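K.L.:
Residue numbering for the sequence shown follows numbering that gives the first Met the number 0, starting at 0 and increasing by one per position.
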Amino acid sequence: MISLVNLAVLVAAAALFYTWRQWRRQLIFIEEKSLPSTGLVRDDGAGSWPPRARHDGWPAALSAYGRVYAEVAPHLATAEPSLDDEFNVKRCAEFRARMRASLEQHVDEDAAEKCLEAILRGDYSELARDSFNGFYSCIACLRHAYRWATNPVVRVSQNEKYLAFPPELDLAWSFIQKHLDITSPSGNIVANIICNFDAQGKLAYRVNEGMSDAVLQTELAWCKLFTDSETLVSLRPTIVPLIGLFQLTCSFSTIQATPMYCSIIQAMMSYGQGDKKAALAFTEAVFEHLRKLILYLFDNMNDPNVSRAIWVRHVSGIHSWGLTADSEHGPVEYGGLSGSQTLIFLSVDAFLGIPSYHSDDEIKMHISKNMRNVFAAMQRHCFRPHLAKSGSAEDLAIIEVMDRIVKQMRTFRGVHKVRAVRFLSAPAPERVPMTAALSVLDDKETNEKQQPKEEDAYASIDGLLTKRLNQTV
Numbered sequence: 000m001i002s003l004v005n006l007a008v009l010v011a012a013a014a015l016f017y018t019w020r021q022w023r024r025q026l027i028f029i030e031e032k033s034l035p036s037t038g039l040v041r042d043d044g045a046g047s048w049p050p051r052a053r054h055d056g057w058p059a060a061l062s063a064y065g066r067v068y069a070e071v072a073p074h075l076a077t078a079e080p081s082l083d084d085e086f087n088v089k090r091c092a093e094f095r096a097r098m099r100a101s102l103e104q105h106v107d108e109d110a111a112e113k114c115l116e117a118i119l120r121g122d123y124s125e126l127a128r129d130s131f132n133g134f135y136s137c138i139a140c141l142r143h144a145y146r147w148a149t150n151p152v153v154r155v156s157q158n159e160k161y162l163a164f165p166p167e168l169d170l171a172w173s174f175i176q177k178h179l180d181i182t183s184p185s186g187n188i189v190a191n192i193i194c195n196f197d198a199q200g201k202l203a204y205r206v207n208e209g210m211s212d213a214v215l216q217t218e219l220a221w222c223k224l225f226t227d228s229e230t231l232v233s234l235r236p237t238i239v240p241l242i243g244l245f246q247l248t249c250s251f252s253t254i255q256a257t258p259m260y261c262s263i264i265q266a267m268m269s270y271g272q273g274d275k276k277a278a279l280a281f282t283e284a285v286f287e288h289l290r291k292l293i294l295y296l297f298d299n300m301n302d303p304n305v306s307r308a309i310w311v312r313h314v315s316g317i318h319s320w321g322l323t324a325d326s327e328h329g330p331v332e333y334g335g336l337s338g339s340q341t342l343i344f345l346s347v348d349a350f351l352g353i354p355s356y357h358s359d360d361e362i363k364m365h366i367s368k369n370m371r372n373v374f375a376a377m378q379r380h381c382f383r384p385h386l387a388k389s390g391s392a393e394d395l396a397i398i399e400v401m402d403r404i405v406k407q408m409r410t411f412r413g414v415h416k417v418r419a420v421r422f423l424s425a426p427a428p429e430r431v432p433m434t435a436a437l438s439v440l441d442d443k444e445t446n447e448k449q450q451p452k453e454e455d456a457y458a459s460i461d462g463l464l465t466k467r468l469n470q471t472v
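#1: Among Lys113, His313 and Ser228, which residue has its Cα nearest to the Cα of Val206?
#2: Would you grab the beta carbon distance between Ile181 and Tyr135 for me? Rounded to a whole angstrom, and I think it's under 8 Å.
#3: Below 8 Å on the Cβ atoms is my guess for Leu336 versus Asn191; work out the distance and round it to an integer in Å.
#4: Determine which residues share a DSSP beta bridge with Ser536 and list them.
#5: Using the three-state DSSP reduction, which class does Thr77 fall into: helix, strand or coil?
#6: If distances are taken between C-alpha atoms only, which option among Lys291, Val153 and Asn304 comes closest to Ala213?
#7: Reducing DSSP to helix, strand and coil, say where Leu82 ends up.
#8: In the structure shown, what three-state DSSP assignment does Met268 receive?
#9: Just tell me which of Thr217, Leu75, Ala171 and Asn299 has its CA closest to the CA of Ala63.
#10: May I have the straight-line CA-CA distance separating Val106 from Glu167, to the nearest angstrom?
#11: Sort Thr410, Glu159, Ile309 and Ser319 by Cα distance to Leu215 and report the nearest one.
#12: Buried or exposed: Leu294, going by 16 or more other Cβ atoms within 10 Å of its Cβ?
#13: Going by alpha carbons, who is nearest to His288 out of Met300, Ile263 and Ser306?
#14: May I have the straight-line CA-CA distance separating Lys113 from Ala198, to the nearest angstrom?
#15: Can you name, in chain order, every residue of its own chain whose Cβ lies under 7 Å from the Cβ of Tyr333, other than the five neighbours on each side?
#16: Ala72: which of Asp84, Phe350 and Ser101 sits nearest, CA to CA?
#17: Nearest CA to the CA of Ile362: which residue from Arg383, Gly338, Met433 and Gly352?
#18: If you draw a straight line from the C-alpha of Arg467 to the C-alpha of Gly121, how long is it?
#19: Which whole-angstrom value is the C-beta distance of Asn87 and Thr149, which I expect to be below 8 Å?
#20: Taking the straight line between their C-alpha atoms, what separation do you get for Ala96 and Ala266?
#21: Can you find a heavy atom of the ligand GTP that lies under 7 Å from the Cβ of Gly352?
#22: Tell me the DSSP secondary structure of Met433 in three-state form.
#23: Does DSSP classify Phe196 as helix, strand or coil?
#24: So, helix, strand or coil for Leu215, using DSSP?
#25: For Ile353, I'd like the list of residues in its chain whose CB is within less than 7 Å of its CB, leaving aside the five on either flank, ordered along the chain.
#26: Around the C-beta of Leu126, are 16 or more other C-beta atoms found within 10 angstroms, so that it is buried, or is it exposed?
#27: Below 8 Å on the Cβ atoms is my guess for Asn369 versus Gly38; work out the distance and round it to an integer in Å.
#28: Quick one: what's got a C-beta closer than 6 Å to Ile460's C-beta in the same chain, skipping five residues either side?
#29: Can you give the Cα-Cα distance for Ser355 and Lys177, rounded to whole angstroms?
#30: CA-CA distance, Gln340 and Ala203?
#31: Can you confirm whether Leu342, when its beta carbon is compared against all beta carbons of chain D, has any partner nearer than 8 Å?
#32: Would you report the Cα separation of His380 and Phe422, rounded to the nearest angstrom?
#33: Cutting at 7 Å between CB atoms, please list the residues of its own chain near Asn187, excluding the five before and the five after it.
#34: Among Ala110, Ala111, Arg154 and Thr77, which one has its Cα closest to the Cα of Pro428?
#35: Tell me whether the beta-carbon of Ser346 lies closer than 8 Å to the beta-carbon of Asp43.
#36: Which value, in whole angstroms, describes the spacing of the CA atoms of Ala111 and Ala60?
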């Protein structure tokens, strides 16, 4: 006959086993969500988010690229571009010849390759992660400068569909592509903008060197929109409370980050563990963080902070691309920078269960593997579709907050649609209509001899933004 003591021991053992199994399930659940963000912050961010970038102290073989940019940058921009195609052909050819000569003079390809091979092996002893980010930005900006060869962008460069780049630039970019697992030959938001800032908040690789203070201020203000959005609500390291005795330090809250990412991850964790009260609180936090972000963008993404007339000519165009490259699936036309490449909007859309703006091939063009992994993890653990099935009071409360987040995003995208078309349609007679993300718009929408009406020239971008607005439900 089992004694009461033995029975108590068996019950205690069963309870411990049950607790251990629950702990194991929670640990697997936590690791699946936290590890992608850990890799993003540690590797892509150099221990921070937004990423830290260092633009000095590189190995000599790579510092040569920075020296090249410093030499050619003063010859890139012009205050008033010519409307003469023959003159512009000559100007672009001279700039490219100058850059090729500078690269040949300063860059030792063998030495550069040796440094970059170490990065692929995971060896950061010579080039730390923050220095890699600075180098990444430098090469991206060199490539965009060579691609357009003058700023503002002119029509003769837009007409180019294929362009051979200097081998020194292709060498460096090929290693960057392998390291980040991206396919595009062009830069992106992280490379051209976010990693372009130094520790003092200045742009390391300006595209308007030698221009007026007004032009430089608009360039800086527009670039700061992206970095300030990520750092808008920075906070000290925090500990995420979990069920029972277990705690997890949220990767995004270490050092410097936007707490909205933490709140999204915490909401997903809490709901997955059945703690709907905590999930509601974290969803409310997402709403508040997003509200502050959108208010900031509404206040700063317009005149006088970003001059419409200056931006469309001196800032926007050079971050485009518009070249075709061969791939295993045939010719592919690549665009340039887009706000859709930022982690902010990738995360919010994943949290809400809104379909991705990018196809699988498109997202691999410009967005690093680590960032794609975070986005994919958030998509997998989106719990919004499960809320309507339950009908519980807790789920209904979360639905109400989710609906408010959707309303915020619809308001933002509706306003952005109007502002984008208004900004892009500012006069730029030296070129045909274009955007940074889509590059040159369809020929049928423009005529070289007659400047199209504003409402017609950007019909395609208006249509894309309208489609995205309609998907935000």
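Every residue, glycine too, gets a C-beta built ideally from N, C-alpha and C.
Keep in mind it's a predicted model, so treat the numbers as computed, not measured.
P.N.:
In short:
#1: His313
#2: No, Ile181 and Tyr135 are not in contact; Cβ-Cβ is about 10 Å, not under 8 Å.
#3: 6 Å
#4: For residue 536 there is no data in the structure shown, the boundaries of the chain being 0 and 472.
#5: coil
#6: Asn304
#7: coil
#8: helix
#9: Ala171
#10: 7 Å
#11: Ile309
#12: exposed
#13: Ile263
#14: 27 Å
#15: Ser183, Pro184, Ser185, Trp320, Leu322, Ala324 and Met364
#16: Ser101
#17: Gly338
#18: 39 Å
#19: 7 Å
#20: 54 Å
#21: This structure simply doesn't include the ligand GTP, nor any ligand for that matter.
#22: strand
#23: strand
#24: helix
#25: Gln470 and Thr471
#26: buried
#27: 5 Å
#28: Thr434
#29: 24 Å
#30: 21 Å
#31: Of the protein chains in this structure there is only one, and it is not chain D.
#32: 37 Å
#33: Leu336, Gln340 and His365
#34: Arg154
#35: no
#36: 5 Å
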